[in-house]
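A short write-up of the structure that comes next.
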Amino acid sequence: MDFEALKTTTLTFVETHKEWAPLIIAVLAFCESLAFLSILVPATVLLVAIGALIGASGIPFWPMVIAGGIGAGLGDWVSYEIGRYFQHGAKSIWPMSRYPQMVAKGEDFCRRYGAWGIVIGRFIGPARAVVPLIAGMFEVARLPFQLANWSSAFVWAFVWLAPGAGVISFFNA
């Protein structure tokens with residue numbers, strides 16, 4: 001299945017089965033935030049497209065933001081725990097092993113910004129799923145990581161869904 005067919009199928013399903021929209025958004029946000037899986041799933045484009053569908057079809061905005069925030073927060077949390085578990089051995093796992101320069105940049109980023117790097121990294125495309133993994137590898141303390149993770153997850157979900165939903169419609173939801 002090509003990307004355009006996947007996008008059309010997903011949007012048609014969400015429009016037809018609006019009650020499934022929060023779960024679909026949560027799963028897409030999880031996939032977008034989970035190390036390695038974010039490379040395989042075109043979640044960002046789908047989230048923006050679903051945001052437009054929210055504005056056009058009367059799907060309530062705020063439950064979708066909450067669902068997206070939960071999915072993104074869980075994805076980063078799992079990535080962080082994978083990094084803590086494997087520590088520096090995670091560097092030998094694909095795709096980290098294929099992009100050592102990206103890992104080095106992520107390491108420098110985590111050293112420089114600590115838990116704040118999670119907030120910043122969430123909004124930088126390729127870094128989004130890698131920074132939590134690297135934060136786990138370098139054992140950034142769990143509490144600061146989780147505070148940064150969950151607060152930025154909901155802001156991230158809002159940022160991706162709001163433009164399509166329209167500035168006025170999300171305040172009316």
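Numbering follows UniProt numbering, in which position 53 of the sequence shown is assigned residue number 53; successive positions increment by one, without gaps.
C-beta atoms are modelled at their ideal positions from N, C-alpha and C, and glycine is treated no differently.
Am I right that residue i and residue j are in contact with their C-beta atoms under 8 Å? What's the rounded C-beta distance?
{"i": "G106", "j": "A127", "result": "7 Å"}
{"i": "A135", "j": "F145", "result": "6 Å"}
{"i": "V119", "j": "S152", "result": "4 Å"}
Is the Cβ-Cβ distance between residue i and residue j less than 9 Å?
{"i": "L53", "j": "L11", "result": "yes"}
{"i": "A29", "j": "A72", "result": "yes"}
{"i": "F3", "j": "V45", "result": "yes"}
{"i": "V159", "j": "A35", "result": "no"}
{"i": "I39", "j": "M64", "result": "no"}
{"i": "S79", "j": "L133", "result": "yes"}
{"i": "F61", "j": "L161", "result": "yes"}
Would you mind working out which of the options sits nearest residue i, comparing C-alpha positions?
{"i": "V14", "options": "H88, G51, V41", "result": "G51"}
{"i": "L37", "options": "W94, H88, Q87", "result": "W94"}
{"i": "E81", "options": "W160, W20, S97, M137", "result": "M137"}
{"i": "F86", "options": "A148, E139, A21", "result": "E139"}
{"i": "F154", "options": "L40, P42, L74", "result": "L74"}
{"i": "I66", "options": "A43, H88, A21", "result": "A21"}
{"i": "A141", "options": "A157, L161, W77, G125", "result": "W77"}
{"i": "residue 247", "options": "A157, G117, T16, G125", "result": "No statement about residue 247 is possible, as the shown extent of the chain runs from 1 to 173 and does not include it."}
{"i": "residue 174", "options": "F109, G69, V41", "result": "Outside the shown range of the chain, which is 1 to 173, sits residue 174, and nothing can be said about it."}
Task: Touching by the beta-carbon criterion (3+ pairs, under 8 Å), the stretch 56-64 and the stretch 94-106 - done: Cβ pair count under 8 Å is below three, so no.
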